[in-house]
Amino acid sequence: MAGSSDQTEVASAAVPAAETAAATTTPVVQPRAKAEASTSQAKAAAELSASMAEAEAAPTKTATTETETAPAASAPTEAAPTHETGTNRPAPDQTAIEVDSEAAPASISSDDNTADTDSLSDEGYAESTTGTNMTTSLSSSVRDYQFENNRRYHKFHEGKYHFPNDEPEQAREDMRHCMMVHASGGALHYAPLKNPQKVLDVGTGTGIWAIDMGDEYPEAEVIGIDLSPIQPSWVPANVRFIVDDAEQPWVTAPETYDYIHIRSMASAIKHWDNLMAQAFTALKPGGWIEIQDLNWIYRCDDDTMGPDYAVGLMAKYIGQALMNFGIKLYSPDDNPGRLEKAGFVDIRNTVDKVPVGTWPRDPNMKMIGLYNRSTVYDGLHGITMGPLTRGLKWTPEEVELFLVRVRKDLMNPRIHSYVHMHTLCGQKPY
Ligand SMILES: C[S@@+](CC[C@H](N)C(=O)[O-])C[C@H]1O[C@@H](n2cnc3c(N)ncnc32)[C@H](O)[C@@H]1O
20 MAGSSDQTEV ASAAVPAAET AAATTTPVVQ PRAKAEASTS QAKAAAELSA SMAEAEAAPT
80 KTATTETETA PAASAPTEAA PTHETGTNRP APDQTAIEVD SEAAPASISS DDNTADTDSL
140 SDEGYAESTT GTNMTTSLSS SVRDYQFENN RRYHKFHEGK YHFPNDEPEQ AREDMRHCMM
200 VHASGGALHY APLKNPQKVL DVGTGTGIWA IDMGDEYPEA EVIGIDLSPI QPSWVPANVR
260 FIVDDAEQPW VTAPETYDYI HIRSMASAIK HWDNLMAQAF TALKPGGWIE IQDLNWIYRC
320 DDDTMGPDYA VGLMAKYIGQ ALMNFGIKLY SPDDNPGRLE KAGFVDIRNT VDKVPVGTWP
380 RDPNMKMIGL YNRSTVYDGL HGITMGPLTR GLKWTPEEVE LFLVRVRKDL MNPRIHSYVH
440 MHTLCGQKPY
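Just remember that the working numbering sits 19 ahead of the position in the sequence shown, which is counted from 1.
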């Protein structure tokens, strides 16, 4: 949004100057009903249902003979989470998750989350003016990649984000999108939007949320920004993408946006106060900000998860590694206070339980648990290799060895673990 010449070249071409949004005449209250899940979500849910049925019937495939020891690393202390509940959304299931005693461990296919674009109609879709299609006008430092330990990383502002941007990671991101929308009762947002005209998605990733949002609000212009130009070319005509660093000063004119969406960025953002202050300026009076994140502290209500639970240890090690780069993985605990400090009002913080695996009895929670476990399982290499080798100086071999233990615990149906999903909204005062 400003800064280097690369950045200016890309961003200035696409970031709008001061614009006046069309007047709101017909308020439409969101979020959507639970049943109205997004297109991509419904599709992935159907695929997952099929794979779940298959997986539940299949015998467990877990490693049982490894005796590996994790490299020593002290774990950070868990901070106490805040637990307020918002009201403007489908009611979350805040009660204890009932355990399905029949639940058997499932083996997960990494192919399950590959999008099938062939069946999509391209009616109303247009080539995005950025991402892979506008690369001729992007400088090479923006579209180049950096490779490390067999994974591909962003080149623009190299080294800033510690997770890959290659195809396996993109598939994981898309699967997590489906899981989070599903866990949100099918809603793309909790903020009570009324006919938004201009929407910004910060750290848009594959752009999947922005594309769904563009479909849901055809009257709105949806802009996604990211360090990586990995978004698809064919998108709804009202959606576009910009390669940019959200932590740099924004060149956006004040009072441009009706809604700013920031999802799964806890592992990326160093200076939340600064980001919120910039978002506050860029929002119109009455506009909303929404920050949604999984808080990767693994919890359990029935003593089935021990202190040596490798999945929890992994999250702690990642948190510790990111801390060495000034990124606090557990930011969802602090963000409500930050939002207030930035000047937002009507702050709503919703905390939902997201199970790990198929152990809950409730079919919906079982589905969410399967989504969640799939995204973690398929993404294990990607989410650990960067942080643990860069931040804690583990060798790639040490990471691989540790992951054997993580996979085993992840697939163990007797461990009833879950994490919290935080959804935080705030409004800029009129
Ligand atoms: C975990 S992914 C989340 C993607 C998307 N928000 C979603 O929920 O599907 C984080 C994304 O943020 C991007 N990112 C990280 N730091 C960023 C920054 N400072 N500015 C813009 N994008 C950033 C990464 O490139 C990555 O695509």
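Every residue, glycine too, gets a C-beta built ideally from N, C-alpha and C. Model, not experiment: these values are computed from the prediction.
| Check | Outcome |
| --- | --- |
| Segment contact, 8 Å Cβ cut-off, at least three pairs: the segment 418-425 with the segment 182-191 | no |
| For V364, the residue or residues it bridges with in DSSP | Q446 |
| Nearest-angstrom Cα separation, counted from D245 out to E192 | 14 Å |
| CA-to-CA distance, Q267 to V161, given in whole angstroms | 15 Å |
| Ligand 1 heavy atom lying under 8 Å from the CB of I337 | no |
| Closest residue to L358 among W253, Q311, L341, Y390 (Cα-Cα distance) | Q311 |
| Buried or exposed by the 16-neighbour rule on C-beta atoms within 10 Å, applied to N391 | buried |
| N431 versus R170 - alpha carbon distance | 28 Å |
| Near ligand 1: K465 beta-carbon under 8 Å from a heavy atom | Residue 465 lies beyond the range of the chain shown here (20 to 449); nothing can be said about it. |
| Rounded separation between Y437 and P406 - CA only | 22 Å |
| Per-residue DSSP class, three states only, for T225 | coil |
| Nearest neighbour of A239, chosen from K447, V258, S247 [CA to CA] | V258 |
| Euclidean distance between Cα positions of R195 and H201 | 10 Å |
| Distance between beta carbons of P351 and H441, contact taken as under 8 Å | 4 Å |
| Euclidean distance between Cα positions of I346 and Y172 | 18 Å |
| I402 vs F363 beta-carbon contact at 9 Å | no |
| Extent of the continuous alpha helix (DSSP H) run through K335 | 329-342 |
| 8 Å CB neighbourhood of A340 in its chain, flanking five on each side removed | H181, P406, L407, R409, G410, L411 |
| Residue(s) in a DSSP beta bridge with I244 | V221, I261 |
| Nearest neighbour of S283, chosen from D277, R367, G226, W378 [CA to CA] | G226 |
| Rounded separation between K385 and S286 - CA only | 26 Å |
| Other residues of its chain near T394: CB distance less than 7 Å, five sequence neighbours each side excluded | R191, M194, R195, M198 |
| Candidates W253, W269, S247, of which the one nearest V262 by Cα | S247 |
| Local Cβ density within 10 Å of D141, reported as buried at 16 or more and exposed below that | Reliability of the predicted coordinates at D141 is poor, the pLDDT of 48 falling under 50, and the value obtained from them is presented with this limitation in mind. Exposed is the call here. |
| C-alpha distance - T81 paired with L429, whole-angstrom precision | Annotation note: pLDDT 30 at T81 (below 50); position unreliable, coordinate value reported separately. Whole-angstrom Cα-Cα distance: 10 Å. |
| CA-to-CA distance, M342 to V375, given in whole angstroms | 24 Å |
| For E416 and G233, the rounded distance between their alpha carbons | 43 Å |
| Proximity below 9 Å, CB of A296 to CB of A361 | yes |
| Integer-rounded CB distance, given that P304 should sit under 8 Å from P448 | 7 Å |
| Assumed close pair D353, I116 - CB separation to whole angstroms, cut-off 8 Å | Wrong, their Cβ atoms sit about 26 Å apart, outside the cutoff. |
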